[in-house]
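Chains as they are written, first to last, in this note's numbering: chain A, 2 to 351; chain B, 2 to 351; chain C, 2 to 351. Don't be surprised by glycine CBs; every beta carbon is placed ideally from N, CA and C. Computed from a predicted structure; not experimentally measured. To keep things clear, I will list the structure first and then write my remarks on it.
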Amino acid sequence: MNNQNWSDLMFLRESWYVAAWGVDLAEAGGILAKTIAGEPIVIWRDADGGLHAMEDRCPHRHAPLSRGRVEGNRLRCMYHGMTFNADGRCQSMPLLDTPPNVAVRTYPVVEKYDWLWIWMGDACKADQSLIPAAHGISNPGRPMRHNSIEYEAHYQLVHDNLCDLSHVDFLHATTLQPATGANWSETAPRIQSKDRAVRFERWFEEAQLPGDPTQRVDVWNSYEFAVPGIFIMYGARFPAGTARACNRKEPVGIAPIVENIEQQAVTPISATHTAYHYATGLVGSTDEMTARLAQRMDVIMAAFVEDRDMIEAQQRIWNLTPANKKTLFLPQDKGPFMMRRMMEKFIASE
Amino acid sequence: MNNQNWSDLMFLRESWYVAAWGVDLAEAGGILAKTIAGEPIVIWRDADGGLHAMEDRCPHRHAPLSRGRVEGNRLRCMYHGMTFNADGRCQSMPLLDTPPNVAVRTYPVVEKYDWLWIWMGDACKADQSLIPAAHGISNPGRPMRHNSIEYEAHYQLVHDNLCDLSHVDFLHATTLQPATGANWSETAPRIQSKDRAVRFERWFEEAQLPGDPTQRVDVWNSYEFAVPGIFIMYGARFPAGTARACNRKEPVGIAPIVENIEQQAVTPISATHTAYHYATGLVGSTDEMTARLAQRMDVIMAAFVEDRDMIEAQQRIWNLTPANKKTLFLPQDKGPFMMRRMMEKFIASE
Amino acid sequence: MNNQNWSDLMFLRESWYVAAWGVDLAEAGGILAKTIAGEPIVIWRDADGGLHAMEDRCPHRHAPLSRGRVEGNRLRCMYHGMTFNADGRCQSMPLLDTPPNVAVRTYPVVEKYDWLWIWMGDACKADQSLIPAAHGISNPGRPMRHNSIEYEAHYQLVHDNLCDLSHVDFLHATTLQPATGANWSETAPRIQSKDRAVRFERWFEEAQLPGDPTQRVDVWNSYEFAVPGIFIMYGARFPAGTARACNRKEPVGIAPIVENIEQQAVTPISATHTAYHYATGLVGSTDEMTARLAQRMDVIMAAFVEDRDMIEAQQRIWNLTPANKKTLFLPQDKGPFMMRRMMEKFIASE
């Protein structure tokens, strides 16, 4: 990135990052290679189901351990055969009676809300209470559909995208906008800063009901975007008039017509690539809900291709742009700006 | 480029560049993204047919306007919805009563000779009389076939190629050479410098008539290579003896057997990539001419693949070559050398 | 490469490099382009069969001569027509009565053991006796199968691979290991330094006979890895007990059950790419041998894909690794270490 707005932005280290969906590890056969914030990491499960994350680099010759083999509660490098305990220490090496006194770095890792979270900073500070609450995709009664994509762009551009949903009316004019029936670009959210997140909430009053233009509903939308890139959204439709009845505050104790939940994570791979893990759900588990959820997932996947195409094109423009070229600060940018400041504050504190 | 001959060569700014064929814009739906000399540009037509070129970078968040939408006489950025008038000024932004006082740079743009020309320098100096005369590809009576290709090479290597056609006998030994029947490498052109172009002309006397080796003709060939890379050629076949009758000067007032016209433009995309827009025509509009023109276009397209393969390979050799490695200056290099000096002179004057 | 172990390693120049298999030149029509240690080279055969290697860069405009044409005992550049004698001197140029006084660099080149060898250093020092002895792939009675692949990795990683075959038990656990029946990782070779090579030899006693787990054989394995990357191996199976009868020394005058020979060469293309030319053979020329050789080649080709996948992944890890990150020195690394020291010594002496 060659712009003053984030050229100095390094990666936040003291934070839990979403490395993958929990099911990704099983699908990969129990060993998964991920690069997070420039660091190569191997995630693996031992024979007892124990979950581990380590530096993906054998101390012998820097071969990737992710091409290794799980043997009981150890991981073997399949280049020259060194084995490692789950604490990262070398446990054996062919030809040697005593293993060399070396270890790979381990990373705190935990499966929560169906994501694999890795703490990239000092392991002593890996407080699980810092993991932001998410929905989890396998709750009975509120199943979610999930997927992952990759951007050839800096993570900051993806953060910006998620902290300013006014773009739904334009970039997603034929996908998400009609699916929501809301006027995203003319309805500014209330934005407030929390300890490790920025919270957005708004009512779309008299919004169109998709599929039935004669009906109107009030739509509540709230989400938090938490450090280092966790997007947790809740939406609900109510009979028109509910917003006013609530004084435009959060609806509490009022039964919605339908509720949707979103769970997304932005994880930097490197300065030029970013991973994106997302899921969507509708509360309720009837067959009709399941069919609507499948439709909804199709719309979201189409919309995220729109996001990716735009963000990657935007990145290419940034790459052609002199570093001293300014951008604007408009009301729409309040959310992205607050999030960027929060990230910078945490990064600066390291 | 890591060679002393052009390592210091920057792009010429104060000049009209061919961005595309006019029909390309319509085929792209009225919005076209082009990078010229490292600058991203969006070319678009408003609802009244007005032609515009602008910086392809929204001042808000640097999104490409070429992914936008034409709305009447405005262009809307389809990321967050900012609209722009044709003069580049922001006209509206969602949520704002008054648009922010910003503008994107506009570029003078004009359609002429069926090309879209963009002035990359100071707009005040965009004098249309500086556009070199070309044939135009849609003249009744002399229709042309056209195409565009891209080189992974510095534009200078393409200029060199066009200013020394001695290579036709070797690189195009099975394509253009037999199609012309001329001895390009042993017949040096007269070369003269003009204000903004280098002019090449020569007679090929007693040239072979393609398809009939028993017949001989005199072939006149002249072309100008104008700043910043416009190649306009005229060729004509006459009965043998015409060259001598003309004292080897330009044939004036003598009816040729057949005439061909070429219109080509070299436009730098970046320091490593170059666009090439070309067309060929035969004067006359009979059905037989049309069939011969299709054949001619096939030969030319094959020849330009030969050019591209050679020039890209040449570029890779340059990339492996120490900067202090010298090249030769031979009689063949007079044209390329004069053109390079002319470009350097104009660039230096900026 | 960004590691202290070889970041300073330049290419060795004063050495014979394997450019290609001899048959590659014929298959390419008599002109072959190769980049060796960053230098572009054209290898060509004249009309009399004479073998030549030259700088692949025309002194006129740096066009690659490998896109040229052989004309008798000359090579013509097919861009502008300059011709060169086999001694590299320009012989003719269109338009010129006297050719310009220029020449391309020539490289000593020789075909030996079915490889084309090129001396990359000072031609005066190109002593053919420095070419390490290989088997040759076209000996009647011991035919070999051959192939070439390319690594996107520094050559040093390929050298390391070949100088520590303990990896056969792990990386090739389902290919080469069962094919050899030997315990590579627990049987350390005797290693000794020679003038321009490192020699490895060992007995695998009581090794499994592939296909018949009830039988045991003694397997002799020896190879030399010669500067700048020539790997010549000899293996033989003997009745169990032979190793002991030989005092674990090289078996001399004892008839083996079967013998295999390997001939491989590592040639750096650039700092990031490496060529690998390899062949395998079984001594004997019966039909049964031929069938077994085809099977053996299949196993070896599968194993070399395993090597390439691992080495390229290892390179990517190196690229993500800070320069001051250390690797280990274990008993397994004695061979790679000796070879690296030998290369460094020769490079330093230049």
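Would you mind working out which of the options sits nearest residue i, comparing C-alpha positions?
i, options, result
"B:V259", "B:S167, B:F171, B:G23, B:T287", "B:T287"
"B:A154", "B:A134, B:N320, B:P144, B:L52", "B:N320"
"A:M298", "A:L283, A:E289, A:R309, A:D310", "A:L283"
"C:D25", "C:F201, C:H278, C:A127, C:Q178", "C:H278"
"B:W45", "B:W17, B:E112, B:I192", "B:E112"
"B:S186", "B:Q216, B:G30, B:F338, B:Q333", "B:Q333"
"B:L117", "B:A349, B:W22, B:H168", "B:W22"
"A:R58", "A:L158, A:V169, A:T84, A:D47", "A:T84"
"A:A124", "A:R14, A:A292, A:S167, A:T322", "A:R14"
"C:Q129", "C:G142, C:T268, C:Y114, C:E251", "C:Y114"
"C:N102", "C:C91, C:S16, C:S194, C:L96", "C:C91"
"C:L96", "B:S93, B:G31, B:H168", "B:H168"
"B:Q178", "B:Q157, B:F205, B:M94, B:S194", "B:F205"
"B:G182", "B:S194, B:Q216, B:L158", "B:Q216"
Whole angstroms are fine: how far does the CA of residue j sit from the CA of residue i?
i, j, result
"C:T281", "B:E313", "37 Å"
"A:I150", "A:R68", "23 Å"
"C:K381", "B:R317", "As shown, chain C starts at 2 and ends at 351. That puts residue 381 of chain C outside it, with no answer to give."
"C:Q315", "A:Y152", "24 Å"
"B:N3", "B:N325", "The predicted position of B:N3 is uncertain, since its pLDDT is 40 and thus under 50; a value taken from the coordinates is nonetheless stated next. The straight-line gap from Cα to Cα measures roughly 9 Å."
"B:P144", "B:T273", "33 Å"
"C:P190", "C:R200", "9 Å"
"B:A227", "A:M311", "37 Å"
"C:R62", "A:F330", "51 Å"
"A:I270", "A:F232", "17 Å"
"A:A266", "B:K35", "34 Å"
"B:H136", "C:G51", "52 Å"
"A:V208", "B:I37", "Correcting the residue identity first, residue 208 of chain A is Ala in this sequence and not Val. Taking the straight line joining both Cα atoms gives about 44 Å."
"A:E345", "A:N162", "17 Å"
"C:A48", "C:T328", "52 Å"
"C:A303", "C:A180", "12 Å"
"B:P133", "B:D196", "11 Å"
"A:N140", "A:H147", "13 Å"
Following the continuous beta strand (DSSP E) through residue i, name the residue where it begins and the one where it ends.
i, result
"B:L131", "Looking at the DSSP string, B:L131 is not in any beta strand (DSSP E), and its letter there is neither H nor E."
"A:R245", "Taken as a continuous stretch (DSSP letters only), A:R245 belongs to no beta strand (DSSP E), being part of the alpha helix (DSSP H) at 243-246."
"B:K113", "110-113"
"C:F347", "From DSSP, C:F347 is part of no beta strand (DSSP E) but of the alpha helix (DSSP H) over 335-349."
"C:C91", "91-93"
"C:N261", "259-269"
"C:T36", "32-37"
"C:F85", "84-86"
Under 7 Å, do residue i and residue j count as touching if we go by C-beta distance?
i, j, result
"A:E307", "A:H160", "no"
"B:A104", "B:Y80", "no"
"A:E263", "A:M234", "yes"
"A:P257", "A:A237", "yes"
"A:C164", "A:G285", "no"
"B:Y224", "B:M121", "no"
"B:R203", "B:N184", "no"
"B:V220", "B:A241", "no"
"C:V71", "C:M55", "no"
"A:T188", "A:V300", "no"
"B:H53", "B:A29", "no"
"A:M339", "A:S194", "yes"
Where do the ends of the alpha helix (DSSP H) carrying residue i lie?
i, result
"B:V228", "Neither: B:V228 is in no alpha helix (DSSP H) and is coded neither H nor E."
"C:T275", "Here C:T275 belongs to no alpha helix (DSSP H); instead the beta strand (DSSP E) covers 275-283."
"A:I301", "288-320"
"C:V24", "23-28"
Suppose only complete runs of 3+ residues qualify. What are the beta strand (DSSP E) ranges in the region 152-214 of chain B, listed by chain order?
191-194, 198-210
Residues from the region 74-102 of chain C in contact with chain D, defined by Cβ distance under 8 Å
Given the protein chain composition of this structure (A, B and C), no chain D is represented.
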